[in-house]
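**Q** Here the protein sequences line up with chains A and B, keeping their order.
Each residue of the first sequence is one higher than the last, beginning at 7 in the working numbering.
Each residue of the second sequence is one higher than the last, beginning at 2 in the working numbering.
Quick one: the structure is below, questions incoming.
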Amino acid sequence: MAEAVVRELRASFTAGRTRPVEWRAAQLTALVRMIEEKEADISAALQADLAKPHMESYLHEISLAKASCKFSLKGMKSWTKPEKVPSAITTFPSTAQIVPEPLGVVLIISAWNYPFLLSIDPVIGAIAAGNAVVLKPSEIAPATSSLFAKLLPEYVDNSCIKVVEGGVDETTDLLEQKWDKIFYTGNGTIGRIVMTAAAKHLTPVALELGGKCPVIVDSDVDLHVAVKRIAVGKWGCNNGQACIAPDYIITTKSFAPELVDSLKRVIKRFYGEDPLQSADLSRIVNSKHFNRLTSLVEDKKVADKIVYGGQTDEKQLKIAPTLLLDVPLDTALMTGEIFGPYLPIVTVEKIEDSIDFINSKTKPLAAYLFTKNKKLQDNFVTNVPAGGMLVNDVALHLTNPHLPFGGVGESGMGSYHGKFSFDCFTHKKAVLIRGFGGEATARYPPYTQEKQKILRGLINGSFIALILALLGFPREKR
Amino acid sequence: LTATAMAPAVAEQLRESFATGRTRPAAWREAQLRGVLRMATEMEAQICGALRADLAKPVTESYVHEISLVKSSCKFALKNLKKWMKPKKVPAGVLTFPSTARIAAEPLGVVLVISAWNYPFLLSMDPVVGAIAAGNAVVLKPSEVAPATSSLLAELLPRFVDSSCIKVVEGGVSETSELLEQKWDKIFYTGNGKVGRIVLSLAAKHLTPVALELGGKCPVVVDSNVDLHVAAKRIAAGKWGCNNGQACVSPDFIITTKSLAPKLLESLEKVLQKFYGHDPLQSPDLSRIVNSNHFKRLRILMGEEKVKDKIVFGGQSDEAQLKIAPTLLMDVPLDSAIMKEEIFGPLLPIITVDKIHESFALINSMTKPLAAYLFTKDSTLKDQFENGISAGATIINDTSIHLTNPHLPFGGVGESGMGAYHGTFSFDAFSHKKAILARFFIGEVKARYPPYTPAKLSIVKGVLKGNLASMIQAILGFPRGGA
Chain A
7 MAEAVVRELR ASFTAGRTRP VEWRAAQLTA LVRMIEEKEA DISAALQADL
57 AKPHMESYLH EISLAKASCK FSLKGMKSWT KPEKVPSAIT TFPSTAQIVP
107 EPLGVVLIIS AWNYPFLLSI DPVIGAIAAG NAVVLKPSEI APATSSLFAK
157 LLPEYVDNSC IKVVEGGVDE TTDLLEQKWD KIFYTGNGTI GRIVMTAAAK
207 HLTPVALELG GKCPVIVDSD VDLHVAVKRI AVGKWGCNNG QACIAPDYII
257 TTKSFAPELV DSLKRVIKRF YGEDPLQSAD LSRIVNSKHF NRLTSLVEDK
307 KVADKIVYGG QTDEKQLKIA PTLLLDVPLD TALMTGEIFG PYLPIVTVEK
357 IEDSIDFINS KTKPLAAYLF TKNKKLQDNF VTNVPAGGML VNDVALHLTN
407 PHLPFGGVGE SGMGSYHGKF SFDCFTHKKA VLIRGFGGEA TARYPPYTQE
457 KQKILRGLIN GSFIALILAL LGFPREKR
Chain B
2 LTATAMAPAV AEQLRESFAT GRTRPAAWRE AQLRGVLRMA TEMEAQICGA
52 LRADLAKPVT ESYVHEISLV KSSCKFALKN LKKWMKPKKV PAGVLTFPST
102 ARIAAEPLGV VLVISAWNYP FLLSMDPVVG AIAAGNAVVL KPSEVAPATS
152 SLLAELLPRF VDSSCIKVVE GGVSETSELL EQKWDKIFYT GNGKVGRIVL
202 SLAAKHLTPV ALELGGKCPV VVDSNVDLHV AAKRIAAGKW GCNNGQACVS
252 PDFIITTKSL APKLLESLEK VLQKFYGHDP LQSPDLSRIV NSNHFKRLRI
302 LMGEEKVKDK IVFGGQSDEA QLKIAPTLLM DVPLDSAIMK EEIFGPLLPI
352 ITVDKIHESF ALINSMTKPL AAYLFTKDST LKDQFENGIS AGATIINDTS
402 IHLTNPHLPF GGVGESGMGA YHGTFSFDAF SHKKAILARF FIGEVKARYP
452 PYTPAKLSIV KGVLKGNLAS MIQAILGFPR GGA
């Protein structure tokens with residue numbers, strides 16, 4: 007199956023179908039139409055897959071996807087134009103440019119937590135860059151997956167953009183094929199498998215993975231604003247099931263009680279006294295993840311640290327926003343990515359100690375700091391490697407199309423959004439154009455000291471050497 | 002240290018050095034770059050000596066193709082370093098108002114550079130220059146197939162740069178394998194596709210990003226509408242004047258029309274005689290073949306049954322000296338080994354077609370090359386070639402020379418590699434571009450927070466649609482009441 011799909015797409019790509027800017031614009035315009043006309047269906051699929059509140063479906067998936075299309079439509083003409091660059095004196099006379107060309111036939115493997123956005127957003131980049139695309143939506147979000155399989159062929163050119171549904175077997179089959187790029191969103195275990203499969207064909211990859219996104223909270227903050235932003239970035243993002251959701255908080259021992267109180271108050275205000283009844287919280291995606299999460303707090307030495315929340319409803323796959331204080335660092339909750347509604351708070355003596363703490367773990371996809379202290383901000387930005395960073399807010403950086411969105415180290419490689427999406431699926435070809443004039447005899451064998459002298463001068467930027475070289479020095483018979 | 006403890010110890014040492022922050026300040030990076038520049042200048046004679054020992058490389062090529070390019074790289078990096086290190090402000094956008102947004106480059110950390118044997122000085126130092134400029138700690142593994150240059154680098158680098166952060170590890174397959182088992186923050190490999198695949202799959206274990214500078218069959222299309230003498234000189238310079246064809250960007254084979262072929266052949270023969278005389282094996286201006294493995298490999302390519310009678314010029318070889326003369330072949334069968342694998346030597350097959358456009362299909366039937374060359378004055382043909390042939394780079398009316406321009410990214414695509422370097426691209430190859438968004442405690446938008454209500458949704462939708470009234474409402478804290 008996968009082999010046939012790839013063959014068909016290669017034929018379409020080789021025929022040149024995806025190259026004209028008009029074709030690309032037509033696909034993107036159709037996607038905008040699809041998002042607008044089918045907003046209710048998309049929201050319903052997200053509700054079915056995740057009990058995702060309509061506000062989040064709109065704000066975090068539908069509107070971002072639409073904005074992505076529009077940004078690409080607007081920028082595409084200038085992105086596809088060759089970029090002139092300075093010529094070197096060593097190749098005088100010549101013109102030099104960098105010409106973007108599509109990589110060819112690309113595979114996009116999406117994730118289950120933002121199943122609409124994380125499918126469409128990379129696809130937009132691939133189309134804008136002129137590629138043929140296979141999209142493999144996550145089978146763990148089946149309603150959204152089948153919605154794509156049904157909708158995309160109604161709106162876009164099916165000979166160049168295809169949806170392949172399925173689970174592990176179908177994905178493995180796809181990964182055996184030769185692609186010109188693979189874009190994967192998910193976890194590090196599968197990321198390694200994807201990269202290993204890609205290695206067989208020398209296929210470049212982009213991996214959008216995860217990690218433990220830390221939030222440092224200093225004591226000099228406007229606490230009420232800070233906790234609102236932390237709460238909406240954690241439980242207001244798919245109930246913590248987001249790659250950039252805050253994973254844990256670090257604060258000072260002295261400030262922790264106040265911070266915990268503020269967080270409790272804001273959780274109550276957002277989700278009421280019984281969060282399991284709130285319509286504004288996504289559920290846990292499936293029972294596998296539900297069990298994974300509840301087992302993180304099973305151990306007494308973890309359960310004892312719960313200071314708020316902890317309620318669960320297995321039938322509805324719901325877990326309430328839960329705060330924990332000073333969980334032992336060697337527990338699974340503190341070593342692996344949580345990806346759920348548990349929010350542990352780690353306390354340190356001095357707030358500066360949080361920098362070393364974060365750096366003792368693998369590089370996260372995002373790191374957050376709440377403070378008014380400029381020195382701490384500079385220390386954080388300079389000394390904490392991370393995919394992206396926010397000061398005094400959480401998660402928002404992904405809404406800015408001028409910022410590259412991607413990880414580093416264990417949190418991934420490559421980036422996208424805005425023009426970075428276009429670049430992600432593009433080969434920047436160097437093009438050097440010369441005429442038949444400007445012959446520099448000094449360049450050719452037999453090599454002599456005289457010629458070498460002129461070449462040295464030329465390389466060192468000597469104008470006189472250039473003139474001598476172009477005048478055909480040293481003289482010799484044609 | 003036993004061999005098995007070497008690689009982990011080196012990696013650990015460099016991690017410690019990097020963790021101290023030693024490689025971060027511009028002053029440190031500049032000092033190292035100046036050290037490399039001084040080394041390339043003061044040790045020119047020694048470097049040329051090593052290249053002569055490893056490859057019988059002529060001094061002119063050692064200077065022009067290796068030493069001078071390393072020096073230019075250092076100077077370009079020194080000139081631009083402050084600019085590269087400065088965070089770049091980007092538009093912050095209305096959705097996160099008020100806020101500031103910027104992109105800052107940070108070093109990846111501890112990186113491994115695996116070099117090649119054909120330009121053993123350049124292909125070692127050029128990536129190292131990029132790694133240093135970007136603030137990383139580096140391990141350089143020079144090619145053991147160029148042993149004189151490898152030991153020269155091992156001896157010289159510690160004298161000119163900070164060896165607590167920049168180390169040379171010499172060795173062969175087992176040392177390289179050991180190094181590849183470690184966790185690096187980036188691996189930069191120059192070489193062939195077979196080992197490239199091995200590097201990539203080992204890197205996958207640690208999720209290490211890689212740059213692979215590989216090869217392929219760089220085609221040269223020669224149209225009839227050219228200045229034939231100039232074209233022949235430039236082809237010859239790019240082929241035999243580049244390490245006797247042992248260069249990743251050397252012309253691998255020519256495609257031309259049946260009608261032009263005899264004239265092209267004549268031109269090439271004339272140029273070869275002028276460049277290398279009547280007995281090229283005696284010319285001091287030709288590199289030798291690097292070792293007997295490659296010498297035998299090339300002899301086998303030339304000696305294949307249906308290939309050997311297609312030799313129309315040259316073909317002489319001297320096994321004792323590991324020399325093979327510039328050799329032209331006419332219309333070898335397309336399924337012969339010489340047309341299926343990268344030649345990487347002084348053999349230049351010429352394939353003839355009826356119409357020049359047929360060359361496109363032939364090139365596209367092969368894997369994407371590192372460079373594709375076209376000689377023509379016809380601007381339509383030039384456009385078609387640029388659009389119709391995918392390659393690392395495309396050069397019109399010359400060969401190989403594009404790598405001297407630091408404003409052009411140098412790298413492959415598909416089988417010829419991934420990633421690019423030279424100039425700013427070297428700095429980028431070893432950097433992580435970190436997005437930074439900074440906000441303040443003002444600018445609270447209540448509509449953003451649960452409990453979600455239709456009123457809030459309406460305001461949020463309005464803001465996203467760019468509706469001014471909605472934006473004002475959002476900033477003023479609508480809807481009133483509650484959070």
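All C-beta atoms in this analysis are idealised placements derived from N, C-alpha and C, irrespective of residue type, glycine included.
Looking at C-alpha atoms only, which residue of A:L52, A:K44, A:A8 is the closest neighbour of V291 (chain A)?
**A** A:L52
**Q** By the three-class DSSP mapping on this structure, what secondary structure does A106 (chain B) have?
**A** strand
**Q** Starting from H433 (chain A), follow its DSSP beta bridges and name the residues at the other end.
**A** H433 (chain A) is bridged to A:E107.
**Q** Measure the C-alpha to C-alpha separation of I325 (chain A) and G194 (chain A) and round it to an integer number of angstroms.
**A** 25 Å
**Q** So what does DSSP say about L349 (chain A), is it helix, strand or coil?
**A** strand
**Q** In chain order, what residues of the same chain have a beta carbon less than 7 Å from the beta carbon of R484 (chain A), not counting five sequence neighbours either side?
**A** Confidence in R484 (chain A) is poor, its pLDDT being 45 and thus under 50, which makes the residue's placement unreliable; the coordinate value appears in the next sentence. Within the same chain, R484 (chain A) has no close Cβ partners at all.
**Q** Along chain B, which residues have their Cβ under 7 Å away from the Cβ of F479 (chain A)?
**A** In chain order: nothing, as chain B lies at least about 15 Å away.
**Q** Under 8 Å, do V111 (chain B) and P143 (chain B) count as touching if we go by C-beta distance?
**A** no
**Q** Is any beta-carbon of chain A found at less than 8 Å from that of D319 (chain B)?
**A** no
**Q** Can you tell me the Cβ-Cβ gap for T432 (chain A) and P106 (chain A), rounded? I've got them flagged as a contact below 8 Å.
**A** 5 Å
**Q** Could you name the residues of chain B that M82 (chain A) contacts, counting a contact when the two beta carbons are closer than 9 Å?
**A** Per Cβ cutoff of 9 Å: no residues; M82 (chain A) is ~17 Å from chain B at best.
**Q** Mind checking which residues open and close the beta strand (DSSP E) that includes M7 (chain A)?
**A** First-last for M7 (chain A): undefined, no H or E at that position.
**Q** When you compare only the Cα positions, how much space is there between I364 (chain A) and G172 (chain B)?
**A** 37 Å
**Q** Assign G483 (chain B) to buried or exposed, taking buried as 16 or more other Cβ atoms, counted over all protein chains shown, within 10 Å of its Cβ.
**A** Annotation note: pLDDT 48 at G483 (chain B) (below 50); position unreliable, coordinate value reported separately. By the neighbour-count rule (16 or more Cβ atoms within 10 Å), G483 (chain B) is not buried but exposed.
**Q** Just the chain B side, please: which residues come within less than 7 Å of G441 (chain A) by C-beta, in chain order?
**A** What G441 (chain A) touches in chain B: N398.
**Q** Starting from R440 (chain B), follow the beta strand (DSSP E) in both directions and report where the run begins and ends.
**A** 432 to 440
**Q** Give me the chain B residues within the contact set of F411 (chain A), using Cβ-Cβ distance strictly less than 8 Å, ordered along the chain.
**A** A436
**Q** Which residues in chain B have a C-beta closer than 9 Å to the C-beta of A57 (chain A)? List them in chain order.
**A** Going along chain B, no residue has its Cβ under 9 Å from A57 (chain A), so there is no contact; the nearest lies around 13 Å.
**Q** Got a sec? Which residues, its chain only, sit under 7 Å from A436 (chain A) by beta carbon, not counting five neighbours each side?
**A** I104, listed in sequence order.
**Q** Any contact of the segment 397 to 409 of chain B with the segment 216 to 235 of chain B, i.e. 3+ C-beta pairs under 8 Å?
**A** Judged by Cβ distances under 8 Å, the segment 397 to 409 of chain B makes contact with the segment 216 to 235 of chain B, as three or more pairs qualify.
**Q** Please determine, among B:E45, B:P121, B:L213, the residue with the shortest C-alpha to C-alpha distance to D55 (chain B).
**A** B:P121
**Q** By Cβ distance, which residues of its chain are closer than 6 Å to M340 (chain A), with the 5 residues on each side in sequence left out?
**A** The residues are V333.
**Q** Measure the C-alpha to C-alpha separation of K344 (chain B) and A20 (chain B) and round it to an integer number of angstroms.
**A** Before going on, a small fix: residue 344 (chain B) reads as Ile here, not Lys. Cα to Cα, the separation comes out at about 44 Å.
**Q** According to DSSP, is M44 (chain B) part of a helix, a strand, or is it coil?
**A** coil
**Q** Given that A205 (chain B) touches chain A, what residues does it touch there, using C-beta distances under 7 Å?
**A** R198, M201, T202, A205
**Q** Thinking C-alpha only, which one of A:W85, A:A204, A:N164, A:L282 is nearest K425 (chain A)?
**A** A:W85
**Q** Check whether chain B comes within 8 Å of A31 (chain A), counting only Cβ atoms and requiring the distance to be less than that.
**A** no
**Q** Should Q247 (chain B) go down as buried or exposed, given a rule of 16 or more other Cβ atoms within 10 Å for buried?
**A** buried
**Q** Hey, T353 (chain A) and T257 (chain A) are a contact pair by Cβ (cut 8 Å); roughly how many whole angstroms apart?
**A** 6 Å
**Q** Near K324 (chain B), what residues of its chain come up, given a Cβ to Cβ distance below 6 Å and the 5 sequence neighbours on each side ignored?
**A** L282, R289
**Q** Going by other Cβ atoms of all chains shown within 10 Å of its Cβ, with 16 needed for buried, is F296 (chain A) buried or exposed?
**A** buried
**Q** Could you confirm whether any beta carbon from chain B is found closer than 8 Å to the beta carbon of F122 (chain A)?
**A** The beta carbon of F122 (chain A) does not come within 8 Å of any beta carbon belonging to chain B, so the residue lies off that interface.
**Q** For the beta strand (DSSP E) that contains V221 (chain B), what are its first and last residues?
**A** 220 to 223
**Q** Identify which residue in A:L265, A:A285, A:L79, A:G342 has its Cα closest to the Cα of Y314 (chain A).
**A** Between Y314 (chain A) and the set A:L265, A:A285, A:L79, A:G342, the nearest pair of CA atoms involves A:L265.
**Q** For K83 (chain A), collect the residues of the same chain with a Cβ closer than 6 Å to its Cβ; drop the 5 residues on either side in sequence, then sort them by chain order.
**A** none
**Q** Indicate whether at least one CB of chain A lies closer than 8 Å to the CB of G406 (chain B).
**A** The question names Gly, yet the displayed sequence has Asn at residue 406 (chain B). So, interface residue.
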